[in-house]
Amino acid sequence: MPLKNKLLVEVIWIVAVVAILSWAAVSNAAYLTSDQNYISNPVSSDPVGTVINVTGYQWAWAFQYPNGTITTDKLVLKANTTYTLVVNSKDVIHDFYIPAFGVQSYAVPGHPNQVTIEPMKAGTYIFECVEYCGELHYEMRGTVVVT
Amino acid sequence: MGFSFVLAVFGSTIAAIIAMVFLLYYFSMDYRRNLIGESASSLSREQSNLLLSRMRREISFSAFFMDDSKSIGIRYLITTVILFFIGGLAGVGMRISLWYPFPTFLTPIQYNILLTAHGTIMLYGFAVGSILALGYYLLPSANMIERDNLGIVNSIMYWFFLIGSLFIIFSRSTASWYFYYPLVDQLSIAGGGSYSFFTLIGVSLIQVAATVSSIIFLKMIFLDRNKSIPVSKISLFSWSIVSSAVLIITSAPVSTIANGYLIYDLINPVFFQGSSVLTYAILFWFWGHPLVYVAILPAFGLIYEMLPKYAGVPLYSYRAGVFSLLLLMVFSALVWGHHLFNSGLGTIWDLMFSTTSFIVVIPSAMSVFNWIATLWTARGIRLTVPMLFVLNGIIDFIIGGVVGVYSADVGLNAFIHGTYAITSHFHWIFIGMTAGMAFAAIYVLFPTLTGGRTYNVPLAKVHFYLNSVGTILMSGFWLVGGFEGMPRRVAGYFGIFQTYQDVAAIGGVILGIGFLIFLINFAYSAYQAPVMSNDNSLEGEVQPI
Ligand code: HEM
Ligand SMILES: [Cu+2]
Ligand SMILES: [Cu+2]
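If you're matching them up, the sequences are chains A and B in order. Residue numbering for the first sequence is 966 to 1112, as defined by the working numbering. Residue numbering for the second sequence is 135 to 679, as defined by the working numbering.
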């Protein structure tokens, strides 16, 4: 099939692409402005829900709960509760990631970040470090237990 | 201590003397005479360079002793094929070691060394090197150049490139190709590795070589171009080199300077420690993203040149092609922050960089639609080996590009950042386009590079199919695994991901076998008797002398 009217064809494809991407950009912007807490941001003074301090170090993650207890390699949460993870690092840059929740936050030394999670279903999930951090980077992983 | 210090001083003095003798010999040799005969001695260097640049130059060792543009191109070509082989070995090694969820034949440290070597060699050695190779080799004929007078500069830059690559190969760094600050400063093999400064020096040398070469490319295209070619007729390959060159010139020096600070920090940490730790990451990606587009734009240019030839029609729209390449040049300099979502740059920055990342898709899609329209209007598509690579490259670019759009969405990025989905995104594009178009170009240039030989077509097709199937298996299964949360850059993993890793390992091995077949085909065919003229369709205009 000959595509005769060059200008028209070009305009059509540009407009189509622009339309699709504008939709993507607008929904992205809407998400960013309305659900800011669900993506990683520098810590703010009024975190939502229960605060859990997450500390990455070579090569494990430690979780400190409001009552002072600390666990490593295992994060214990309650279903239908809102938590704010305050993610920090003792040495190099790490990245705390829970695939099942679609949530992650860099652990940057001296630059704590926070991200909000709200587990819905009880179960056991995995978490991982997804920023390369040296020899045993692959062992910086563990389980999230939601009860 | 005292003894080894004295030994080091003696050793380096002797090494320096040997290097000086070599350089003296090197610059006093006149290999031109062998090629263009006694007349070479009566010509000035520029004039003989010009003659050589117009020649159809084949692969030969003498290229290392001559400094015309084509010889430099051949030097880079030989070097990058070897570097691709070394980087590929590292890649296949990693894949095989990941067969089981725990580290098998590679210890985590060995794995990390290969990880760093693979990334740096492929990006700086192969991607940058193949662009320099194709630029130096094809620009003189594409622009019918009348002057070739900066040969010595080009030659020196090539040696920078080679020394840089050797530094990268031998440094045993474990800092990954990002060199993020606090890790690289841990000078033990469990952290960033003891000799990361070697890699950093190597990377900087290659960046200098790329920057200077880019300036020379711009000079070739805009100052030396034959007067008979108006700006509106500059070939799309040359335009793609213009885009890459401008991107390199505007962003590589930033990274070179950051590397300088970083090397100093390894000795005496003052720069990145005091400021935010993310400063180095930001400076790195300011160059890191343009780098990936630098790796892809010349492949775009080659598709623009080759596709119409095998589709039997002119390109659908030259104007849209130039427009797309120049828009890509502008926009891909503005998206680097999309590598640092989730790091705490703040919502405003996230919003800005994800929006610019969506914008950069528009010119990419313009190119793709241009190729599709060309194919649509085509009469009698000839499915030669280069054409197969071109078609496969377009498809791989579409798949990889769509994954790129996904990862540019901040919400989705939190799902897949740091997983194999990202690895999948850029391996579709790198293997399909950057490597694929380099293979296609080598096949097109084959008669010229080997002085009239022809490659074995069935073997070349086997190479193509292995390359294509290997990518589909490897990147495809990475993509699915990535969306399930399979982390990248790991020496071991949770057992639930084993299926994806195993299929990807098979894909990786298939890719490796494909490349071996390419090498075997090349070596085998180059020793057959010449059967055809040494013409090729990419440098049609060259006058043989
Ligand atoms: C179609 C336009 C493109 C878009 C929207 C895009 C988007 C992205 C995004 C958002 C990331 C960051 C992912 C993350 O780490 O979370 C990324 C990573 C990457 N992209 Fe693209 N990309 C595009 C084209 C390309 C091209 C043409 C190449 C060249 C081969 C490329 C190579 C890479 C590489 C190498 C990385 C990962 C770097 C690393 O983390 O090691 N991208 N891309
Ligand atoms: Cu880590
Ligand atoms: Cu990018």
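Glycine included, each C-beta is placed from N, C-alpha and C at the ideal position.
Where residue i meets chain A, residues with beta-carbon distance less than 8 angstroms
{"i": "Ile243(B)", "result": "Glu1100"}
Distance between residue j and residue i (C-alpha atoms, nearest Å)
{"i": "Pro520(B)", "j": "Tyr996(A)", "result": "44 angstroms"}
{"i": "Gly514(B)", "j": "Ser264(B)", "result": "31 angstroms"}
{"i": "Val1013(A)", "j": "Thr413(B)", "result": "29 angstroms"}
{"i": "Leu217(B)", "j": "Thr605(B)", "result": "20 angstroms"}
{"i": "Ala386(B)", "j": "Ala663(B)", "result": "44 angstroms"}
{"i": "Glu1096(A)", "j": "Ser175(B)", "result": "59 angstroms"}
{"i": "Val980(A)", "j": "Asn504(B)", "result": "14 angstroms"}
{"i": "Leu321(B)", "j": "Gly225(B)", "result": "24 angstroms"}
{"i": "Gly210(B)", "j": "Ser369(B)", "result": "According to the sequence displayed, residue 210(B) carries Tyr and not Gly. The alpha-carbon atoms of Tyr210(B) and Ser369(B) are separated by roughly 22 angstroms."}
{"i": "Lys361(B)", "j": "Leu352(B)", "result": "16 angstroms"}
{"i": "His559(B)", "j": "Arg229(B)", "result": "17 angstroms"}
{"i": "Tyr398(B)", "j": "Val318(B)", "result": "12 angstroms"}
{"i": "Ile401(B)", "j": "Phe219(B)", "result": "33 angstroms"}
{"i": "Pro1007(A)", "j": "Ile556(B)", "result": "24 angstroms"}
{"i": "Ile532(B)", "j": "Tyr160(B)", "result": "47 angstroms"}
{"i": "Phe332(B)", "j": "Leu141(B)", "result": "20 angstroms"}
{"i": "Ser374(B)", "j": "Arg281(B)", "result": "21 angstroms"}
{"i": "Leu157(B)", "j": "Ser289(B)", "result": "12 angstroms"}
{"i": "Trp562(B)", "j": "Val524(B)", "result": "13 angstroms"}
{"i": "Val676(B)", "j": "Asn277(B)", "result": "For Val676(B), the predicted structure reports a pLDDT of 46, less than 50, and the residue's modelled location is therefore unreliable. A value from the coordinates is still provided. Roughly 10 angstroms separates the two Cα atoms."}
Assigned exposure category for residue i - 16 Cβ within 10 Å defines buried
{"i": "Ala379(B)", "result": "buried"}
{"i": "Met200(B)", "result": "buried"}
{"i": "Lys204(B)", "result": "buried"}
{"i": "Met1085(A)", "result": "exposed"}
{"i": "Ile493(B)", "result": "buried"}
{"i": "Met440(B)", "result": "buried"}
{"i": "Asn970(A)", "result": "exposed"}
{"i": "Ser671(B)", "result": "exposed"}
{"i": "Lys443(B)", "result": "buried"}
{"i": "Asp164(B)", "result": "exposed"}
{"i": "Met135(B)", "result": "Its pLDDT being 41, under 50, Met135(B) is placed unreliably by the model, and nothing is read from it."}
{"i": "Pro678(B)", "result": "Note that Pro678(B) has pLDDT 41, beneath the 50 cutoff, so the model's placement of it is unreliable and no number is given."}
{"i": "Gly1075(A)", "result": "exposed"}
Element boundaries [beta strand (DSSP E), containing residue i]
{"i": "Lys1039(A)", "result": "1039-1042"}
{"i": "Gln181(B)", "result": "It is not in any beta strand (DSSP E) - Gln181(B) instead sits in the alpha helix (DSSP H) that spans 179-188."}
{"i": "Leu1050(A)", "result": "1048-1054"}
{"i": "Glu172(B)", "result": "Segment: none, Glu172(B) is in no beta strand (DSSP E) and carries neither H nor E."}
{"i": "Gly1021(A)", "result": "1015-1022"}
{"i": "Glu1093(A)", "result": "1088-1094"}
{"i": "Phe1061(A)", "result": "1059-1063"}
{"i": "Ser1070(A)", "result": "1068-1072"}
{"i": "Asn1078(A)", "result": "1078-1082"}
Boundaries (first-last residue) of the alpha helix (DSSP H) holding residue i
{"i": "Ser609(B)", "result": "591-617"}
{"i": "Ile482(B)", "result": "481-510"}
{"i": "Arg1106(A)", "result": "Element bounds for Arg1106(A): not the alpha helix (DSSP H) but the beta strand (DSSP E), 1106-1111."}
{"i": "Ile341(B)", "result": "A quick correction: the sequence has Gln, not Ile, at residue 341(B). Element bounds for Gln341(B): 330-352."}
{"i": "Gln1001(A)", "result": "First-last for Gln1001(A): undefined, no H or E at that position."}
{"i": "His561(B)", "result": "554-563"}
{"i": "Gln244(B)", "result": "242-254"}
{"i": "Tyr540(B)", "result": "519-542"}
Beta-carbon neighbours of residue i, restricted to chain B and to distances below 8 angstroms
{"i": "Ser1070(A)", "result": "Asn476, Gly478"}
{"i": "Ala986(A)", "result": "The sequence given here has Leu at residue 986(A), not Ala. Near Leu986(A) (Cβ distances below 8 angstroms), the residues of chain B are Phe492, Ile493, Val495, Ile496, Val539."}
{"i": "Gln1141(A)", "result": "Coverage of chain A is limited to positions 966 through 1112, which leaves residue 1141(A) absent and any answer about it impossible."}
{"i": "Pro1084(A)", "result": "Correct list: empty, because the minimum Cβ distance to chain B is about 16 angstroms."}
{"i": "Asp1011(A)", "result": "Within chain B, no residue comes near Asp1011(A); the closest Cβ sits about 16 angstroms away, beyond 8 angstroms."}
{"i": "Asn1018(A)", "result": "Result: empty, since nearest Cβ-Cβ is about 15 angstroms, beyond 8 angstroms."}
Under 7 angstroms from the C-beta of residue i: neighbouring residues of chain A
{"i": "Leu485(B)", "result": "Ala994, Leu997"}
{"i": "Gly626(B)", "result": "Tyr1103"}
{"i": "Thr633(B)", "result": "Here the premise fails: no neighbours, minimum Cβ distance about 16 angstroms."}
{"i": "Ser310(B)", "result": "Tyr1097"}
{"i": "Asp543(B)", "result": "Ala989, Asn993"}
Chain-ordered chain B contacts of residue i [CB-CB under 7 angstroms]
{"i": "Lys971(A)", "result": "Ser451"}
{"i": "Gly1075(A)", "result": "Val411"}
{"i": "Gly1067(A)", "result": "Ala548, Phe549"}
Chain D within 8 angstroms of residue i, Cβ atoms only
{"i": "Tyr1097(A)", "result": "You won't find chain D in this structure, because its protein chains are A and B."}
Contact set between residue i and chain A, taken where Cβ atoms lie within less than 9 angstroms
{"i": "Ala572(B)", "result": "In chain order: nothing, as chain A lies at least about 28 angstroms away."}
{"i": "Arg623(B)", "result": "Val1095, Glu1096, Tyr1097, His1102, Tyr1103"}
{"i": "Met500(B)", "result": "Glu975, Trp978, Ile979, Val982"}
Listed by chain order, chain B residues near residue i by CB distance under 9 angstroms
{"i": "Asp1127(A)", "result": "In this structure chain A extends from 966 to 1112, so residue 1127(A) is not present and cannot be described."}
Discussion item. Quick check on the contact list: which residues have their beta carbon closer than 6 angstroms to a heavy atom of ligand 3?
Written reply: That gives His423(B), Val426(B), Val469(B), His472(B), His473(B).
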